[in-house]
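A.B. asks: Attaching a single structure in structure tokens format; questions to follow.
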Amino acid sequence: MNLLAYLVGLVLVSVIAGACLAAILVYFNPFTSGLLVFILFYLSLFIASTSVFTLIGWIIRVISRKRTSPLPKKEAIHRFEISFRQGMFLSAILIASLILQSKDILLWWNLLILMLVVGLSEWWLSRR
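In terms of numbering that gives the first Met the number 0, the sequence shown has 48 at position 49, counting the first letter as 1, and numbering is strictly consecutive.
Set out below in structure tokens:
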């Protein structure tokens, strides 16, 4: 696949997940809904935030590139993969924080441990 197909697919997934998230927020009452609605809410939020964080990260990588020549295809896809991985990690932090906050157990040291685990995971994956 080429980079354009990845980007178009990611934007399409972002729009669909955003529409699902909006539908869940509009049509369901959180006080009377069951566990399935909360799972769908967090899943759609995870997918939407992953795609948005990935696009933002990829755009920042492309803009911050100092060279004026076009980016080689292999390097562009590699940058996109890194952005996707980091977008998933940021979304995992967001979702975990929201779940902990909904259970009233979000404390600063919980978030610090979560960010440390994600940071170490990113470091380990970037070294491979």
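Built from N, CA and C at the ideal position, the CB exists for glycine as well.
Please report the straight-line C-alpha distance between PRO29 and PHE37, rounded to a whole angstrom.
C.D. replies: As a first step, residue 29 must be located in the sequence shown, where it is residue number 30. As a first step, residue 37 must be located in the sequence shown, where it is residue number 38. Looking at the two C-alpha atoms, the distance is approximately 8 Å.
A.B. asks: Would ILE46 and VAL7 qualify as a contact pair, given that the criterion is a beta-carbon distance under 8 Å?
C.D. replies: The residue you call residue 46 lines up with position 47 of the sequence shown. The residue you call residue 7 lines up with position 8 of the sequence shown. No, the Cβ-Cβ distance between ILE46 and VAL7 is not below 8 Å.
A.B. asks: Determine the extent of the alpha helix (DSSP H) in which LEU34 is found, giving its start and end residues.
C.D. replies: Counting from one through the sequence shown, the residue named residue 34 turns up at place 35. Element bounds for LEU34: 34 to 62.
A.B. asks: Considering just the uninterrupted stretch of the alpha helix (DSSP H) at PHE27, what are its terminal residues?
C.D. replies: Along the sequence shown, read from residue 1 onward, the residue named residue 27 stands at position 28. Premise fails: PHE27 is in no alpha helix (DSSP H) and is neither H nor E.
A.B. asks: Per the contact definition of three or more C-beta pairs closer than 8 Å, is the stretch 46 to 55 in contact with the stretch 74 to 92?
C.D. replies: Touching, per the Cβ criterion.
A.B. asks: Kindly give me the distance between the Cβ atoms of THR49 and SER90, rounded to whole angstroms, as I take these residues to be in contact under 8 Å.
C.D. replies: The count along the sequence shown starts at 1 and reaches residue 49 at position 50. The count along the sequence shown starts at 1 and reaches residue 90 at position 91. Right, their Cβ atoms sit about 4 Å apart.
A.B. asks: Output the boundary residues of the alpha helix (DSSP H) element that contains ARG84.
C.D. replies: Indexing the sequence shown from 1 puts residue 84 at position 85. Per DSSP, ARG84 belongs to the alpha helix (DSSP H) from 72 to 101.
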